[in-house]
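>
Numbering (our numbering), first residue to last: 355 to 562.
1. In whole angstroms, what is the alpha-carbon distance linking residue 367 and residue 361?
2. Less than 6 Å between C-beta atoms, sequence neighbours within five positions excluded: which residues of the same chain meet that for residue 527?
3. Could you tell me which of 445, 518, 456 and 480 sits nearest to residue 422, measuring between CA atoms?
4. If you draw a straight line from the alpha carbon of residue 486 to that of residue 467, how long is it in whole angstroms?
5. My parser needs the alpha helix (DSSP H) runs of 4 or more residues fully inside the stretch 469-513; what are they?
6. For residue 358, which of 415, 390 and 532 has the nearest alpha-carbon?
7. Report the rounded CA-to-CA distance for residue 402 versus residue 356, giving the unit in angstroms.
8. By alpha-carbon positions, which one of 484, 507 and 498 ends up nearest to residue 478?
9. Just verifying my parser: in three-state terms, what is the DSSP assignment at residue 453?
10. Assuming contact is defined by CB atoms lying nearer than 7 Å, are residue 634 and residue 389 in contact in what I supplied?
11. Name the two residues that bound the continuous alpha helix (DSSP H) containing residue 526.
12. Can you give me the Cβ contacts of residue 524 inside the same chain, cut-off strictly under 8 Å, excluding the 5 residues immediately before and after it?
13. Answer yes or no: do residue 414 and residue 387 have a C-beta to C-beta separation smaller than 7 Å?
14. Taking the continuous beta strand (DSSP E) assigned at residue 535, which residues delimit it?
15. Between 383, 474 and 438, which has its C-alpha nearest residue 365's C-alpha?
16. Is the beta carbon of residue 541 closer than 7 Å to that of residue 374?
17. Give the DSSP-derived three-state secondary structure of residue 378 in the structure shown.
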């Protein structure tokens, strides 16, 4: 586990991709200057590459690649992971991942607050600072509930849920010394468990 400050100190620069929310964010962090950010609400397959272009940076020049592995938009996250795997074929470099809800929880730093995101099938991702990420039913959510802005949901929101900013330009500096970045050899979206597919025995249809 590494902190952002440690990554930048050792690698010099980092390209950050975050497509977990409806607002895709792309950033370039440099040890020798201010960070640069681009964001938009276009779909991830367009926004990620446009963001890199707008920043005027070449991904192969980054000392490290950082991406959000989730929870959030699986399609957006996997698009970012695919882009990183492609860039790695042009030149190997360290890759780090972080989790969206842990980032928010560390930034808020409030032990009585649960950061949530829709996990589908009437379940919710739930993150409390200092505790592992859980997937629970709405009925199991208690206390103050906060959801990052721009995170999509398919289930009805729990009663009393608040929203908070998911602006990496603010969240990453606020958590620069927190060891929340995982070294990642095979970039992909975070899953609580591998998908469980139902099976059946095929039968030939016969007329009655």
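From the three backbone atoms N, C-alpha and C, an ideal C-beta is built for every residue, glycine too.
Reading it off the structure:
1. Working through the chain shown from its first residue, we reach residue 367 at position 13. Working through the chain shown from its first residue, we reach residue 361 at position 7. Rounded to whole angstroms, residue 367 to residue 361 spans 8 Å at the Cα level.
2. Against the chain shown, residue 527 aligns to sequence position 173. Excluding sequence neighbours, residue 527 sits near nothing in its chain.
3. Translated into positions along the chain shown, residue 422 becomes position 68. If we check each option's Cα against that of residue 422, 456 comes out closest.
4. Residue numbering aside, residue 486 sits at position 132 when the chain shown is read from its first letter. Residue numbering aside, residue 467 sits at position 113 when the chain shown is read from its first letter. Approximately 14 Å, taken between the alpha carbons.
5. Fully enclosed alpha helix (DSSP H) runs of 4 or longer: not present.
6. Counted from its first residue, the chain shown places residue 358 at position 4. If we check each option's Cα against that of residue 358, 532 comes out closest.
7. As a position in the chain shown, residue 402 is number 48, starting the count at 1. As a position in the chain shown, residue 356 is number 2, starting the count at 1. Spanning the two alpha carbons is a distance of roughly 24 Å.
8. Taking the chain shown and counting its residues from 1, one reaches residue 478 at position 124. Minimum Cα distance to residue 478 is reached at 507.
9. Here residue 453 refers to the residue found at position 99 of the chain shown. Residue state, collapsed to three classes: strand.
10. With the chain represented from 355 up to 562, any question about residue 634 goes unanswered, as that position is not in the structure.
11. Residue numbering aside, residue 526 sits at position 172 when the chain shown is read from its first letter. Where residue 526 is concerned, the enclosing alpha helix (DSSP H) starts and stops at 522-528.
12. For this step, residue 524 is matched to residue 170 along the chain shown. So the qualifying residues of the chain are 461.
13. Taking the chain shown and counting its residues from 1, one reaches residue 414 at position 60. Taking the chain shown and counting its residues from 1, one reaches residue 387 at position 33. It is not a contact, given that the beta carbons lie outside the stated cut-off.
14. By 1-based counting over the chain shown, the position of residue 535 is 181. Per DSSP, residue 535 belongs to no beta strand (DSSP E) and is neither H nor E.
15. The residue you call residue 365 lines up with position 11 of the chain shown. Per the Cα distances, 383.
16. On the chain shown, position 20 is the one that residue 374 refers to. On the chain shown, position 187 is the one that residue 541 refers to. Contact flag unset, no.
17. Within the chain shown, numbered from 1, the residue matching residue 378 stands at position 24. Note: residue 378 maps to strand in three-state DSSP.
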